[in-house]
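The structure under discussion appears below in the form of structure tokens.
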Ligand code: PBG
């Protein structure tokens, strides 16, 4: 055969493949989610997330130091709220001495340069397990947004670098930005979960925080997975309202959405490689059906290749180890 082009020329050795590789992953690409619980010296594995842990604050600080030493420079904090403190309005979320606020201060104190992002949503604090205030089985929008704005100010006061609203209420980014401005937090960023889908892959996370909805589902606020244009509209609106970074969540069933948003917007785009996506790889690897390390890297590269500038992932430490 006489071929004009032989595409295999660029694949024939590791050196050539490395030279023409289009996508790179570095520790800077990752945001590390952390689950914090009350108590001391506690580390408990999340049953549906093998190899991932809930930690008390003292142990979280140890972990944050380790992350920093590995080159991982941003964490996304979630706290598990005691059942006795939950109510319909998520009152505990605003407690200046709540677990989240104490954690922010303690982590800042221990590793001042670590970027702290905080989850802003009511579900871990809600007696109904919903991301908003409930009235007659409905999730109220505007009343919820007021709490989210106050919660963001409270996190900023404690020292959060970015607040990350994960609730999908309308108008919350604008309200949060205004509240931050009014309180003189002009350096606090907003990473908006701008296109967050109602997904069956959040299950293990809800186990981790004991935050599953007590009735119904989240489809009146999180998006329908059949929709694409809506994700663009949601994201553009969040940017207009003041989001510094936008996020698509989940990642793997939504790689097309990540790419489309990356092509459309001019702010950094992040994607959340969520708990169910983690659990699937862990479960298949445990069965001996896939090779875990290879599957992890392939997954993370696919998310980056799709267009994510940043990836929130439970595999961040594995990635740094594997990229060596
Ligand atoms: C809720 C929230 C969820 C996740 C992050 N914030 C779950 C939900 O919407 O029910 C999921 C993260 C994951 O699955 O890893 N505000």
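In the numbering used here, the protein residues as written are 772 to 1095. For every residue, glycine included, the Cβ atom is placed at its ideal position computed from N, Cα and C. What you are looking at is a predicted structure, and each value in this text was computed from that prediction instead of being measured.
Practice item. Run through the region 871–932 for me and flag every whole beta strand (DSSP E) of 3 or more residues, listed as ranges in chain order. Key: Taking only runs of at least 3 residues, the beta strand (DSSP E) segments lying wholly in the region 871–932 are 886–891.
Practice item. Measure the beta-carbon distance from residue 1044 to residue 1083 and round it to whole angstroms, keeping in mind my assumption that it falls under 8 Å. Key: With a Cβ gap of about 7 Å, residue 1044 and residue 1083 count as contacting.
Point to revise | N- and C-terminal bounds of the beta strand (DSSP E) containing residue 816 | key: Taken as a continuous stretch (DSSP letters only), the beta strand (DSSP E) holding residue 816 covers 814–817.
Practice item. Quick one: grab the DSSP three-state call for residue 802. Key: In the structure shown, residue 802 falls within a strand segment according to DSSP collapsed to helix, strand and coil.
Practice item. Report the residue ranges of all alpha helix (DSSP H) runs contained in full by the region 990–1030; include only those spanning at least 4 residues, in chain order. Key: Qualifying alpha helix (DSSP H) stretches, in chain order: 1000–1012.
Review point. Which residue or residues does DSSP assign as beta-bridge partners of residue 966?
Key: Residue 966 is bridged by DSSP to 1019.
Practice item. State yes or no: is the C-beta of residue 1009 within less than 7 Å of the C-beta of residue 1017? Key: A contact, by the Cβ cut-off of 7 Å.
Practice item. Using beta-carbon positions only, say whether residue 939 and residue 993 come within less than 7 Å of one another. Key: Result yes, Cβ atoms of residue 939 and residue 993 sit closer than 7 Å.
**Study point:** residue 915, buried or exposed, once every other Cβ within 10 Å from all chains shown has been counted against 16
**Key:** Residue 915 comes out buried.
Exercise for review: For the alpha helix (DSSP H) holding residue 1061, just list the boundary residues, first then last.
Suggested key: Per DSSP, residue 1061 belongs to no alpha helix (DSSP H) and is neither H nor E.
Check your understanding: So, using beta-carbon positions, are residue 851 and residue 949 closer together than 7 Å?
Key -> No, these two residues do not count as a Cβ contact at 7 Å.
Review point. By how many angstroms is the C-alpha of residue 774 removed from the C-alpha of residue 967?
Key: Near 47 Å, if we compare the C-alpha coordinates of residue 774 and residue 967.
Practice item. Return yes when the Cβ of residue 805 is within less than 7 Å of the Cβ of residue 831, no when it is not. Key: The answer is yes: Cβ separation under 7 Å.
Exercise for review: Return the CA-CA distance between residue 792 and residue 786, expressed in angstroms with no decimal places.
Suggested key: So the alpha carbons of these two residues sit roughly 10 Å apart.
Practice item. Pull up the distance between the alpha-carbon of residue 1042 and that of residue 782, whole angstroms please. Key: Rounded to the nearest angstrom, the gap between the Cα atoms of residue 1042 and residue 782 is 29 Å.
Check your understanding: Straight-line CA distance for residue 971 to residue 905?
Key -> Near 22 Å, if we compare the C-alpha coordinates of residue 905 and residue 971.
Check your understanding: Helix or strand or just coil, what does DSSP make of residue 940?
Key -> Here residue 940 sits in coil by DSSP.
Review point. Is residue 809 closer than 7 Å to residue 870 when the C-beta atoms are compared?
Key: The answer is yes: Cβ separation under 7 Å.
Review point. Taking the DSSP output, what are the residues bridged to residue 846?
Key: Per DSSP, the beta bridge partners of residue 846 are 803 and 887.
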